[in-house]
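**Student:** Residue numbers (the working numbering), protein chains in the order written: chain A, 5 to 264; chain B, 5 to 264.
Think of the CB as a built atom: it goes at the ideal place given N, C-alpha and C, for glycine as much as any other residue.
Protein chains: 2
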Amino acid sequence: MKIRDIVLIGSGNLATNLAIALTEAGKNIVCVYSRTLGNAELLAEKCNARFTNRLEDVPTTADLYVIAINDGMIKEVVDKISNYSGIIVHTSGSIPISVFPNSLKQFGVFYPLMMFSKKNIVPFTDIPICLEANDNSTLETLTELASSISNNVSEISSEKRKILHLAAIFACNFTNLNYAIAEDILKSNQLSFNLIKPLIKETAEKIQHNSPSEVQTGPAFREDYDVMHHQLEMLNAMPEYQQMYELLSNIILSIKHKND
Amino acid sequence: MKIRDIVLIGSGNLATNLAIALTEAGKNIVCVYSRTLGNAELLAEKCNARFTNRLEDVPTTADLYVIAINDGMIKEVVDKISNYSGIIVHTSGSIPISVFPNSLKQFGVFYPLMMFSKKNIVPFTDIPICLEANDNSTLETLTELASSISNNVSEISSEKRKILHLAAIFACNFTNLNYAIAEDILKSNQLSFNLIKPLIKETAEKIQHNSPSEVQTGPAFREDYDVMHHQLEMLNAMPEYQQMYELLSNIILSIKHKND
């Protein structure tokens, strides 16, 4: 089966980026649902679709229903549309496929491993799309759809998807916290965050072709206790950052000695 | 005064990248010193210079002596060459300009804010170079030299340079630790680190044009305690990562509420 008509449930960052990518790939978004009618309308305009804020009003015979909403709301929406006829997928990293009732004929997960923003629409070409489905034929259908927007499609179980999501917290959310702390330290001292942007870029660039454990640098890795002691002192007025500096330095050391 | 003849003291990652950039900009590296003769030779070949492992053998009348060695060795080298005639600079983020004795006529700091590697020679064009000098004329001379390899040159005091260096620990060293932990979590579960590379790239890309504090995402930021609780449980067998997850999530929350 080939997917043509798609109903999009959600109008947030992921929904917006996905809808635009699918539309550009020639897929037909027939309807956008959002609890907030204005948000549904905004996104529907971008993909030439109908819009609604009532689940009862979305078409009941689309080929695919994509649920791209907060994790906590997925179960409720699934239950409300479980008698509709197409494949139903959610797009969450942390919700297992078991959120779908066994009574459903075709269901799955369509998880793009990326951080999206409405303000910044990104091309899907290199974004890993992690798929899971209740049977082979559904998996095949979803694979064909995912491959129409990305070159990086793989089947990932619910268990492994949770692991991926956890790794992403470190690689993305906690990394951004580090950027935010660097910005805070610089701004508190009348220095521009711009000064450090090339270094941030290079740090992310470097691990595209190297294992991060092999390119670790810094005073903790060099076991330069003079610098560490001095930098901890500089953080006296920022006790949370100080505690973080100490813990992360210890972890760098402990990984280093494990690899010795 | 315009700098022509340069003596390079050191042959590590920074020394190598700097020597190549200066040579490409038409500067004349006359001699490379390293405690390890083989290392001095390797780098000297790249910039067509003499090499030595004896400080007594470097030319005593060069225009500039660039000390690019471990922080702990700088003072000793400065003392040994303090009667030579050119400008002496070091390249360290954490050593203040006061490491130079007042008896010296011209001295300063030439600090490129980047993480270098011999394996991966990077262009200097966008690398911020932070300068400090004992007087205006020396600062002018160093500015002209720095501007011949970078478009991003500024005067930064010793105090501010220490701040920059501290911010860089968060933005670079601790960020790389996050990448290493993500890799460890993935590999321990037979998942490829490649899956998360596009996300890492986008996370670094995003803050080139946004303030990181404004693009923070994730379960801690959303105050999604279900996901956080579950992910902490997943880290039961990795107590250091668990402790880090908890601390960093708390800091994300505390920054969020401070900005509320």
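Going along chain D in order, which residues have a C-beta closer than 7 Å to the C-beta of TYR183 (chain B)?
**Tutor:** The displayed structure is made up of protein chains A and B, and chain D is not among them.
**Student:** Count the other CB atoms within 10 Å of the CB of GLU80 (chain A); is the residue buried (16 or more) or exposed (fewer)?
**Tutor:** What you label residue 80 (chain A) is simply residue 76 of the first sequence in a count that begins at 1. So GLU80 (chain A) counts as exposed.
**Student:** Taking the continuous alpha helix (DSSP H) assigned at ASP83 (chain B), which residues delimit it?
**Tutor:** Within the second sequence, numbered from 1, the residue matching residue 83 (chain B) stands at position 79. Counting along the chain, the alpha helix (DSSP H) containing ASP83 (chain B) begins and ends at 78-85.
**Student:** Using Cβ-Cβ distances below 9 Å, what residues of the stretch 244-262 of chain A are close to chain B?
**Tutor:** Under the 9 Å Cβ criterion, the stretch 244-262 of chain A contributes GLU244, TYR245, GLN247, MET248, TYR249, LEU251, LEU252, SER253, ASN254, ILE255, ILE256, SER258, ILE259.
**Student:** At the level of alpha carbons, what is the spacing between VAL36 (chain A) and VAL113 (chain A)?
**Tutor:** As a working note, residue 36 (chain A) is residue 32 in the first sequence. As a working note, residue 113 (chain A) is residue 109 in the first sequence. Rounded to whole angstroms, VAL36 (chain A) to VAL113 (chain A) spans 19 Å at the Cα level.
**Student:** Assign GLY112 (chain A) to one of three DSSP states: helix, strand, or coil.
**Tutor:** The count along the first sequence starts at 1 and reaches residue 112 (chain A) at position 108. Reduced to three states, the DSSP call for GLY112 (chain A) is strand.
**Student:** In angstroms with no decimal places, state the Cα-to-Cα distance between PHE178 (chain A) and TYR245 (chain B).
**Tutor:** Position 174 of the first sequence, counted from the first residue, corresponds to residue 178 (chain A). Position 241 of the second sequence, counted from the first residue, corresponds to residue 245 (chain B). Near 12 Å, if we compare the C-alpha coordinates of TYR245 (chain B) and PHE178 (chain A).
**Student:** List, in chain order, every chain B residue whose beta-carbon is nearer than 8 Å to that of HIS190 (chain A).
**Tutor:** Residue mapping note: residue 190 (chain A) aligns to position 186 of the first sequence, counting from 1. It should be noted that the sequence gives Leu, not His, for residue 190 (chain A). Under the 8 Å cutoff, chain B gives ILE167, LEU168, ALA171.
**Student:** By Cβ distance below 6 Å, which residues in the same chain neighbour ALA72 (chain A) in space, the five residues on each side in sequence not counted?
**Tutor:** Counting from one through the first sequence, the residue named residue 72 (chain A) turns up at place 68. Cβ within range, chain order: GLY14, LEU18, ALA19, THR95.
**Student:** According to DSSP, is VAL126 (chain A) part of a helix, a strand, or is it coil?
**Tutor:** Counting from 1 along the first sequence, the entry for residue 126 (chain A) is found at position 122. VAL126 (chain A): coil per DSSP, three-state reduction.
**Student:** Whose C-beta lies closer than 6 Å to the C-beta of VAL219 (chain B) among residues of the same chain, with five residues either side of it excluded?
**Tutor:** As a position in the second sequence, residue 219 (chain B) is number 215, starting the count at 1. For VAL219 (chain B), where only same-chain residues beyond five positions count, the Cβ hits under 6 Å are LYS210.
**Student:** Tell whether a beta-carbon distance below 8 Å holds between TYR183 (chain B) and PRO216 (chain A).
**Tutor:** By one-based count along the second sequence, residue 183 (chain B) stands at place 179. By one-based count along the first sequence, residue 216 (chain A) stands at place 212. Yes, Cβ-Cβ distance for TYR183 (chain B) and PRO216 (chain A) is below 8 Å.
**Student:** Assess contact between the stretch 158-177 of chain A and the stretch 233-243 of chain A, defined as three or more Cβ pairs (one per stretch) separated by less than 8 Å. Is contact present?
**Tutor:** Remark: fewer than three beta-carbon pairs, one from each stretch, lie closer than 8 Å, so the stretch 158-177 of chain A and the stretch 233-243 of chain A are not flagged as touching.
**Student:** At what residue ranges does the stretch 140-186 of chain A contain a whole run of the beta strand (DSSP E), taking only runs of 3 or more?
**Tutor:** DSSP assignment within the stretch 140-186 of chain A yields the following whole beta strand (DSSP E) runs of 3 residues or more, N-terminal first: 157-159.
**Student:** What does TYR37 (chain A) pair with, by DSSP beta-bridge criteria?
**Tutor:** Counting from 1 along the first sequence, the entry for residue 37 (chain A) is found at position 33. TYR37 (chain A) pairs with A:ILE13, A:THR56.
**Student:** Mind pulling the chain B residues with CB within less than 7 Å of SER107 (chain A)?
**Tutor:** Translated into positions along the first sequence, residue 107 (chain A) becomes position 103. Here the premise fails: no neighbours, minimum Cβ distance about 25 Å.
**Student:** With DSSP run on the structure shown, which of helix, strand or coil describes SER121 (chain B)?
**Tutor:** Your numbering for residue 121 (chain B) matches position 117 in the second sequence. Annotated three-state conformation of SER121 (chain B) is strand, per DSSP.
**Student:** For the stretch 44-51 of chain A and the stretch 92-109 of chain A, state whether three or more C-beta atom pairs, one from each stretch, are separated by less than 8 Å.
**Tutor:** The count of Cβ pairs closer than 8 Å, one atom from the stretch 44-51 of chain A and one from the stretch 92-109 of chain A, stays below three, leaving the stretches out of contact.
**Student:** For ALA66 (chain A), I'd like the list of residues in its chain whose CB is within less than 7 Å of its CB, leaving aside the five on either flank, ordered along the chain.
**Tutor:** As a working note, residue 66 (chain A) is residue 62 in the first sequence. Cβ within range, chain order: ASP9, ILE10, VAL11, VAL34, GLY90.
**Student:** Give the DSSP-derived three-state secondary structure of ALA137 (chain A) in the structure shown.
**Tutor:** As a working note, residue 137 (chain A) is residue 133 in the first sequence. ALA137 (chain A): strand per DSSP, three-state reduction.
**Student:** Taking C-alpha atoms, which residue in A:LYS201, A:LYS262, A:ARG54 lies nearest to ILE133 (chain B)?
**Tutor:** As a first step, residue 133 (chain B) must be located in the second sequence, where it is residue number 129. Comparing Cα-Cα distances from ILE133 (chain B) to each of A:LYS201, A:LYS262, A:ARG54, the minimum goes to A:LYS201.
**Student:** Give the residues of chain A in contact with VAL219 (chain B), contact being defined as C-beta atoms less than 8 Å apart.
**Tutor:** The sequence position of residue 219 (chain B) within the second sequence is 215, counting from 1. Going along chain A in sequence order, the residues near VAL219 (chain B) (Cβ under 8 Å) are SER121, ASN180.
**Student:** Within the 8 Å Cβ cut-off, does THR207 (chain A) reach chain B?
**Tutor:** Position 203 of the first sequence, counting from 1, holds the residue named residue 207 (chain A). Chain B contact via Cβ: present.
**Student:** Could you tell me whether any Cβ in chain B is nearer than 8 Å to the Cβ of GLN235 (chain A)?
**Tutor:** Within the first sequence, the letter at position 231 stands for residue 235 (chain A). Answer yes: the Cβ-Cβ gap between GLN235 (chain A) and chain B drops below 8 Å somewhere.
**Student:** For VAL70 (chain B), which of helix, strand or coil comes out of DSSP?
**Tutor:** Counting from one through the second sequence, the residue named residue 70 (chain B) turns up at place 66. VAL70 (chain B) carries a strand assignment under DSSP once its states are collapsed to helix, strand and coil.
**Student:** Across the stretch 136-149 of chain A and the stretch 106-126 of chain A, are there enough close Cβ pairs to call them in contact, namely three or more that are closer than 8 Å?
**Tutor:** yes
**Student:** Less than 8 Å between C-beta atoms, sequence neighbours within five positions excluded: which residues of the same chain meet that for LEU190 (chain B)?
**Tutor:** Your numbering for residue 190 (chain B) matches position 186 in the second sequence. Same-chain partners within the cutoff: SER196, PHE197, LEU199, ILE200.
**Student:** Does the distance from the CB of PHE120 (chain A) to the CB of ALA186 (chain B) come in under 8 Å?
**Tutor:** As a working mapping, residue 120 (chain A) is identified with position 116 in the first sequence. As a working mapping, residue 186 (chain B) is identified with position 182 in the second sequence. At least 8 Å separates the beta-carbon of PHE120 (chain A) from that of ALA186 (chain B).
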